[in-house]
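Read left to right, the sequence shown gives residues 8 to 463 (my numbering).
Beta carbons are placed, not taken as given, at the ideal position from N, Cα and C, and that holds for glycine.
Only one structure is covered here, and it is reproduced in the block below.
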Amino acid sequence: MRTQLSLEELRAAVAGPVLSPSDGGFAEEVSAFNRSAVHTPDVVVGVTSEADVVEAVRFAVANELSVRMQATGHGAESAIADGLLITTRRLDALSIDPETRIARIGAGVRWSAVLDAAESLGLTAIVGASGNVGAVGYTLGGGLGPLSRSHGFSSDYARGFTLVIADGSIVNANAEENIDLFWALRGGKGGFGVVTEMQFELVPLTELYAGSIFFDAPNIETVLRSWIDWSATADDQVTTSVAILRLPDFDAIPEPLRGRTLLNLRFAFPGGAAEGERLAAPLRGLAPAIIDTIGVLPTSKVGLIHNDPTEPGPGWVTGGLLSDIDQDFATELLAKIGHEQPVPLIVVELRHLGARTFIDVPEGSAVGGRASGYTLTIVGVPDPGLFAEVLPAVAGQLTSAIAPWISPETTINFAGDGSDAEQFRLAWTPEVHDRLAAIRGRWDPRRLFAYGPVAG
Ligand SMILES: Cc1cc2nc3c(=O)[nH]c(=O)nc-3n(C[C@H](O)[C@H](O)[C@H](O)COP(=O)(O)OP(=O)(O)OC[C@H]3O[C@@H](n4cnc5c(N)ncnc54)[C@H](O)[C@@H]3O)c2cc1C
């Protein structure tokens, strides 16, 4: 029988804050980017070092509490209501070896910090749409960003992880040590341990030819249909996406876009302006632009391609991957969410995959979605009153209409609610899903690290 430990003992053992729900500072410590996920774990530990993580894990084992991790809360889809939450934002160490191009990235580091530090060395990281997202949580799920066709999944660049496992010991997982765990951590996301540091290979690149074009509502259909045809033969070095936006009438949104329904076409080419201009020309010619920002862009500003929100707020997002799309798909999509439809969705986005995303790393990795051609993301109006029923119903009608194009295999960062058993299962091929479950069983036999659907 385990001996229970008191919160006082834990407080004495760790340098960071240890808070229960009645303590001052608890709400701030647990708060997530998605403000609608209001966490109330039994205890939160704001770890400041690997040693703090070890103590927190030992406390959880002794007190039979499940363990979860939060860096930024960008992945917070539902509220955590029990157990021990480890917040990692204080694990903010970051160093780069310019010779090997390996960045050592602490569990609390956001991509923006990596991009800034890398750029000054003539390097960059293959990241997602938003620099605000945590590097470790994102990469554990694979990670598809604005350079995914030219450079693949972000997890393809992970070279190793250091983590605290369920027995409180510290292990490394890389191409030489604990190879099964390394395979799982590149896309298998959670249920293995607390990652304290990721070793990540940077690429030599400081400038892109990239940005986005906003097209007005009457041009949405023409641009969407033309982009679908264009994307079928797009250059492997070019990554594009389209998003039908219903922008609110907020001061934070530039005046020509505020309160309008638009199509935003994003373009990224990791090369020079002359070649980039040539590659972007067919898209620029599709219709008159309201705004066109495509041009030379420093890699540290990659977040300006998608312009994702940076301020926390309530959020409702779902999505998945699509195998392929065609004009019949466009017809179904526009019938549901074309500019004349009064739907409470602020973003419906399609990202073009393929080229490098189709190619696994030589030693193999767990990431789901290699075979899919496009992503689908549906973001609801940020009104929590709509989250329980209205938005799931609207999104459900859309996904039913486009069911023939939905890929049988998604990827966990785009799978919506990972606590939903069906969405969780589909985030990998059946073989990979089962291999991940077996590896979780080996590394965490008592399921200390709560992850995935409750009965999964
Ligand atoms: C605005 C926005 C833009 C996004 N853009 C993209 C995109 O372009 N491409 C893409 O692929 N995804 C994207 N995502 C999804 C995002 O990658 C995932 O939500 C990711 O999990 C966020 O990681 P985080 O650490 O910031 O979030 P958190 O909510 O802090 O963590 C999410 C999960 O990551 C795991 N995790 C975090 N830290 C650790 C750790 N130290 N050890 C073990 N597990 C850990 C845990 O399972 C945790 O529940 C976006 C999300 C948002 C909200």
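Simplified DSSP state of residue i, which is helix, strand or coil
i: ALA22; result: coil
i: ILE186; result: helix
i: VAL439; result: helix
i: THR216; result: The sequence given here has Tyr at residue 216, not Thr. TYR216 falls in the strand class under three-state DSSP.
i: ILE87; result: coil
i: HIS158; result: helix
i: SER102; result: strand
i: ASP49; result: coil
i: PRO295; result: coil
i: ASP236; result: helix
i: GLY463; result: Only weak support exists for where GLY463 lies, its pLDDT of 36 falling under 50; the coordinates are left without a value.
i: GLU356; result: strand
i: ILE301; result: coil
i: ASP223; result: strand
i: ALA180; result: strand
i: ASN420; result: helix
i: ARG253; result: strand
i: ARG447; result: helix
i: THR317; result: coil
i: THR229; result: helix
i: ALA170; result: Sequence inspection shows Leu at residue 170; the Ala mentioned does not correspond to that position. Strand at LEU170.
Environment of residue i [buried if 16+ CB atoms lie within 10 Å]
i: PRO277; result: buried
i: ALA239; result: exposed
i: VAL245; result: buried
i: SER29; result: exposed
i: ALA22; result: exposed
i: PRO452; result: exposed
i: ALA173; result: buried
i: ARG253; result: buried
i: GLN11; result: exposed
i: ARG262; result: Per the sequence presented here, residue 262 reads as Glu, with Arg not at that position. With fewer than 16 Cβ atoms within 10 Å of its Cβ, GLU262 is classed as exposed.
i: GLY283; result: buried
i: THR131; result: buried
i: VAL303; result: exposed
i: SER307; result: buried
i: GLU471; result: This structure cannot speak to residue 471, because the chain is shown only from 8 to 463.
Reference residue i; option with closest CA among the options
i: SER366; options: ASN185, TYR164, VAL64, PHE66; result: Ser is not the amino acid found at residue 366; the sequence shown has Ile there. Comparing Cα-Cα distances from ILE366 to each of ASN185, TYR164, VAL64, PHE66, the minimum goes to TYR164.
i: PRO411; options: ALA124, ILE332, LEU26, PHE189; result: ILE332
i: ALA445; options: LEU393, VAL201, VAL54, ALA191; result: ALA191
i: ASP89; options: MET76, ALA422, THR47, ALA63; result: THR47
i: PRO211; options: ALA20, TRP450, PHE421, ARG108; result: ARG108
i: HIS359; options: ARG253, PRO389, LEU231; result: LEU231
i: GLY198; options: THR436, LEU433, SER426; result: SER426
i: THR203; options: ARG111, THR325, GLY283; result: ARG111
i: ASP104; options: GLU35, ALA86, LEU209; result: LEU209
i: GLN404; options: GLU416, ALA294, GLU57, GLU339; result: GLU339
i: TYR216; options: ALA288, SER127, SER407, PRO369; result: ALA288
i: GLY195; options: ALA296, LEU14, VAL374; result: VAL374
i: VAL134; options: GLY159, SER127, ILE298; result: GLY159
i: ASP256; options: GLY266, ALA250, VAL249, SER248; result: GLY266
i: ALA280; options: LEU264, ILE301, PRO295; result: ILE301
Whole-Å CB distance - residue i paired with residue j, under 8 Å assumed
i: SER157; j: ALA362; result: 7 Å
i: VAL143; j: ALA78; result: 6 Å
i: VAL25; j: LEU455; result: Rounded, the Cβ-Cβ distance is 18 Å, inconsistent with contact.
i: THR146; j: GLY115; result: Wrong, their Cβ atoms sit about 14 Å apart, outside the cutoff.
i: GLY150; j: SER162; result: 6 Å
i: LEU269; j: ASP223; result: 6 Å
DSSP bridge partner residues for residue i (one or two, in chain order)
i: THR247; result: PHE274
i: PHE207; result: ALA110, ALA165
i: GLN77; result: THR94
i: PHE456; result: VAL74
Residue i at chain B interface by Cβ criterion, 8 Å
i: SER157; result: The chain inventory of the structure shown lacks chain B, comprising one protein chain alone.
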